[in-house]
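So the protein sequences, as listed, match chains Z and W. Here the first sequence is numbered in our numbering, starting from 73 and rising by one per residue. Here the second sequence is numbered in our numbering, starting from 86 and rising by one per residue. Take a look at the structure set out below.
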Amino acid sequence: MNDAVLTVLIAMLGGAIRVSTPFMFVALGECLTEKSGRVNLGLEGTLVLGAMVAYAASYHTGSPWLGVLAAGVAGAALGAMHGAICGLPKVNDVAVGIAMMLFGVGIAFFFGKPYIQPTAPRLDSISLGFWSDSPSLKSALEVNPLFFVGVVIAVALAWALRNTRWGLVVRTVGDSAPAARAMGLSVNLVRFLTTSVGGFLAGAGGAFLSLSYPGSWNQGLSSGQGLMAVALVIFARWSPVRCVYAALLFGAAGALGPSLQSIGITQGYYFFNAAPYILTLVIMIATSSATHSARDMPGELTMAK
Amino acid sequence: MSEPHISRRALIRTTALGLAGAAFTAGGLGRAFAAGDLTVGVVYVGARDDFGWNQAHAVAIKALKDVPGVKVVEEENVPETDAVSKSMESMVNLDGAGLILATSFGYYTPFVVDLARKYPDVEFRHAAPLWNKDKDPKNAGSYFGYLNQAHYVNGVAAGLSTKSNKLGFVAAKPIASVLSNINSFLLGARSVNPKATVQVIFTGDWSLPVREAEAANALVDAGADVITCHVDGPKVVIETAEKRGAKSCGHNASQAPLAPKGFVTGAEYKWETIYKGYAADIAAGKTPPNFIAGGYEVDFVRNTPFGAGATPEARKAALAAIEGLKAGKPIYVGPLRDNKGKVAIDKTYGNLDPFLDRMDYLLEGVVGSTT
Chain Z
73 MNDAVLTVLI AMLGGAIRVS TPFMFVALGE CLTEKSGRVN LGLEGTLVLG AMVAYAASYH
133 TGSPWLGVLA AGVAGAALGA MHGAICGLPK VNDVAVGIAM MLFGVGIAFF FGKPYIQPTA
193 PRLDSISLGF WSDSPSLKSA LEVNPLFFVG VVIAVALAWA LRNTRWGLVV RTVGDSAPAA
253 RAMGLSVNLV RFLTTSVGGF LAGAGGAFLS LSYPGSWNQG LSSGQGLMAV ALVIFARWSP
313 VRCVYAALLF GAAGALGPSL QSIGITQGYY FFNAAPYILT LVIMIATSSA THSARDMPGE
373 LTMAK
Chain W
86 MSEPHISRRA LIRTTALGLA GAAFTAGGLG RAFAAGDLTV GVVYVGARDD FGWNQAHAVA
146 IKALKDVPGV KVVEEENVPE TDAVSKSMES MVNLDGAGLI LATSFGYYTP FVVDLARKYP
206 DVEFRHAAPL WNKDKDPKNA GSYFGYLNQA HYVNGVAAGL STKSNKLGFV AAKPIASVLS
266 NINSFLLGAR SVNPKATVQV IFTGDWSLPV REAEAANALV DAGADVITCH VDGPKVVIET
326 AEKRGAKSCG HNASQAPLAP KGFVTGAEYK WETIYKGYAA DIAAGKTPPN FIAGGYEVDF
386 VRNTPFGAGA TPEARKAALA AIEGLKAGKP IYVGPLRDNK GKVAIDKTYG NLDPFLDRMD
446 YLLEGVVGST T
């Protein structure tokens with residue numbers, strides 16, 4: 073029985089590391105965008121487009137890292153589009169986001185057709201399990217460099233938002249547009265930039281899907297992870313570092329269903345497959361408070377108004 | 086892809102078996118056939134090159150294009166909604182299609198049925214055993230392949246290619262056609278290796294690439310060294326198994342190029358037998374059969390050529406198993422118990438017996454649960 077528990081724990085560790093990266097990137101991108109007071113719901117489309125562009129670029133250039141860069145640029149382009157459109161008067165950012173999501177998925181499928189069959193070079197992982205004899209632990213500790221990049225970005229973003237002038241600008245725009253205007257800041261320009269950078273991160277997260285795990289391009293690749301990641305930002309209460317924890321937790325909970333079945337606990341797998349969502353709900357209920365529930369929410373968000 | 090709710094075999098038996106069992110509709114042939122050349126309209130629910138269900142159809146359609154006098158119009162990514170009606174209708178009206186092949190489960194009711202009523206001169210055929218002789222139009226029909234026979238052959242090859250005697254199966258949903266593939270895979274493996282067990286993981290839906298990869302990883306972590314699957318696009322499962330150094334067996338279409346080191350063999354449909362039969366019938370001025378279904382005995386399924394993962398013994402035994410299936414040798418030799426200890430199959434049943442269509446259990450030797 074101890075072996076079985078160990079198998080599940082190792083699988084959850086592996087799952088946390090393998091599955092969390094795209095959640096982390098999308099959530100970080102969305103976190104930055106929302107900090108400036110705008111919601112970009114289109115990141116699911118950005119994620120899928122990023123996955124496609126990364127695979128295509130890696131296939132043509134032979135370099136997966138160029139693929140990641142290309143995915144980021146494609147994501148930034150979608151983000152810039154969202155940012156520019158929402159800068160027009162009387163435009164609702166949620167509605168534009170949904171349109172951008174369909175647009176991103178659509179062009180990814182359209183241009184992605186020829187890349188379903190060929191095999192592109194993937195991102196190599198770093199083996200951190202060299203000290204262990206257990207093949208499952210070794211496999212769980214095959215960590216993709218993008219994972220560490222994501223963690224570093226999260227810490228840097230948290231620090232920059234708190235301690236730099238740029239961070240102050242973003243937070244001011246996000247909390248009170250009139251105050252920002254009074255300071256002489258261009259609200260639209262700041263939001264345009266944060267949405268573009270957010271798009272870049274989400275696109276790079278898509279590159280992880282197609283170039284690392286599961287590591288191939290096809291049309292059902294994302295199955296809604298971009299949408300979940302947007303929800304994770306609320307769950308993480310707009311803190312980049314908490315976004316990382318949330319993504320890890322979500323990845324680990326997602327590994328629970330398959331790994332329990334693999335050790336023979338096969339009853340109720342629909343319930344275990346729903347574990348990430350149940351967990352999210354439980355934690356949200358547990359941490360909510362009637363008096364200061366919106367404490368961390370940027371004041372300019374549509375949902376805060 | 087789901088369990089049939091009518092007894093398709095009973096239907097076949099009332100006419101005759103397999104291809105020979107062409108149920109000719111009363112009345113003559115309509116204008117669509119009089120034109121001489123035949124235009125075939127094909128609708129797919131996904132991409133034609135998905136390494137799975139749609140690709141299996143597309144490969145067969147490619148073979149159909151080589152038949153003289155046959156023109157093909159295709160449309161992919163057609164959702165199982167009103168959109169498929171529009172696609173099919175434009176194929177009839179704008180392209181002059183005389184035969185429509187609707188290749189996804191959800192196309193049938195109400196879309197194919199309604200259009201068949203509206204265009205009685207056009208033949209509609211649908212890739213799931215749903216056509217009802219009493220209720221549905223005579224110019225509609227169904228065709229289906231018994232892929233579990235090819236999964237049985239997968240099992241034979243896997244049973245002799247494993248070292249751990251643990252085989253892994255990533256499955257989408259616990260419906261009859263999926264359970265039948267899992268059980269046949271087990272019986273194939275047990276027929277040559279009595280110590281073999283099959284560990285199954287259900288993902289819960291037809292296309293969830295990340296969870297499929299997680300499931301394949303979990304199976305390898307639990308000691309399985311040959312992995313197979315029944316999901317819409319097996320690409321991710323096969324690639325993950327290859328990455329982890331496990332062997333793999335395919336499903337639906339050929340995944341051999343995805344696993345140069347570990348591929349054993351795969352269960353594939355051979356739709357071209359059916360499609361070429363339809364084209365030949367129409368060229369000869371006959372109405373194609375309303376209902377056909379079968380496996381190896383009528384050449385509707387096949388196995389992918391062996392990959393590097395198949396041992397010499399596995400190849401030999403698998404080829405022998407194929408010969409047996411062609412001759413109608415039964416897979417389900419009873420009595421057989423399910424994995425809760427109850428007798429699930431009381432006696433030996435023929436491979437096309439309707440009793441097996443109602444399968445809702447996993448046999449002894451399968452580790453897993455349907456709920």
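For each residue, glycine too, the CB sits at the ideal point set by N, CA and C. All figures in this text were calculated on a predicted structure; none of them were measured in a lab.
Which of helix, strand or coil DSSP assigns to residue i
i	result
W:K258	coil
Z:R309	coil
W:S292	coil
W:V155	strand
W:D423	strand
W:E160	strand
Z:S284	coil
Z:S197	coil
W:A111	Note that W:A111 has pLDDT 35, beneath the 50 cutoff, so the model's placement of it is unreliable and the number below is only indicative. W:A111 falls in the coil class under three-state DSSP.
Z:N164	coil
Z:S92	helix
Z:T359	helix
Z:T118	helix
W:W138	helix
Z:G176	helix
W:P439	helix
Identified DSSP bridge partners for residue i
i	result
W:I185	W:G126 and W:F209
W:F229	W:A378
Z:E106	BP columns for Z:E106 are empty, so no partner.
W:V283	W:L252 and W:V451
W:T313	W:F254
W:H336	W:A352
Z:V215	Z:I198
W:I430	W:L421
Neighbour flag for residue i against chain Z, beta carbons, 8 Å
i	result
W:I91	Unreliable positioning characterises W:I91 in this predicted model, as indicated by a pLDDT of 47, which lies under 50. A coordinate reading is not provided.
W:D306	yes
W:L264	no
W:N233	no
W:R422	no
W:S249	no
W:N280	Here residue 280 of chain W turns out to be Lys, not Asn, going by the sequence shown. With 8 Å as the cut-off, W:K280 does not count as an interface residue toward chain Z.
W:G453	yes
W:F287	yes
W:D445	no
W:A298	yes
W:T313	no
W:D134	yes
Residue i at chain W interface by Cβ criterion, 8 Å
i	result
Z:K162	no
Z:T338	yes
Z:Y341	yes
Z:P330	yes
Z:I179	no
Z:P286	yes
Z:G86	yes
Z:N290	yes
Z:L218	no
Z:L293	yes
Z:A83	yes
Z:A279	no
Z:V305	no
Z:S211	yes
Z:G122	no
Proximity test, residue i beta-carbon vs the ligand HEM heavy atom, cut-off 7 Å
i	result
Z:V163	The model on display carries no ligand, and the ligand HEM is accordingly not part of it.
Cβ of residue i within 8 Å of any chain A Cβ
i	result
Z:N345	Of the chains in the structure shown, none is chain A; the protein chains are Z and W.
ask   = Unbroken beta strand (DSSP E) runs of length 3 or more, entirely within the segment 347 to 407 of chain W: which are they?
value = Entirely contained in the segment 347 to 407 of chain W, the beta strand (DSSP E) runs reaching 3 residues are, in chain order, 348 to 354, 376 to 379 and 386 to 388.
ask   = Taking contact to mean at least 3 C-beta pairs separated by less than 8 Å, is the segment 246 to 263 of chain W in contact with the segment 301 to 321 of chain W?
value = yes
message = Three Cβ pairs or more, each shorter than 8 Å: is that satisfied between the segment 298 to 309 of chain Z and the segment 416 to 424 of chain W?
response = no
message = Tell me whether the segment 87 to 95 of chain Z and the segment 318 to 332 of chain Z touch, counting them as touching only if at least three CB pairs, one residue from each stretch, are closer than 8 Å.
response = By the criterion of at least three beta-carbon pairs nearer than 8 Å, the segment 87 to 95 of chain Z is in contact with the segment 318 to 332 of chain Z.
query = Three or more beta-carbon pairs under 8 Å between the segment 256 to 267 of chain Z and the segment 109 to 126 of chain Z, yes or no?
reply = yes
ask   = Does the segment 287 to 297 of chain Z come close enough to the segment 293 to 307 of chain W that 3 or more CB-CB pairs lie under 8 Å?
value = yes
inquiry  = For the pair the segment 170 to 183 of chain W and the segment 137 to 153 of chain W, tell me if three or more CB-CB distances fall below 8 Å.
reply    = no
ask   = Three or more C-beta pairs closer than 8 Å, one from the segment 382 to 399 of chain W and one from the segment 241 to 248 of chain W: is that the case here?
value = yes
message = Using a Cβ distance threshold of 8 Å, determine whether the segment 168 to 186 of chain Z contacts the segment 271 to 287 of chain W, with at least three qualifying pairs required.
response = no
task = Would you check if the segment 199 to 206 of chain W and the segment 355 to 364 of chain W touch, i.e. whether three or more CB-CB distances between them fall below 8 Å?
result = no
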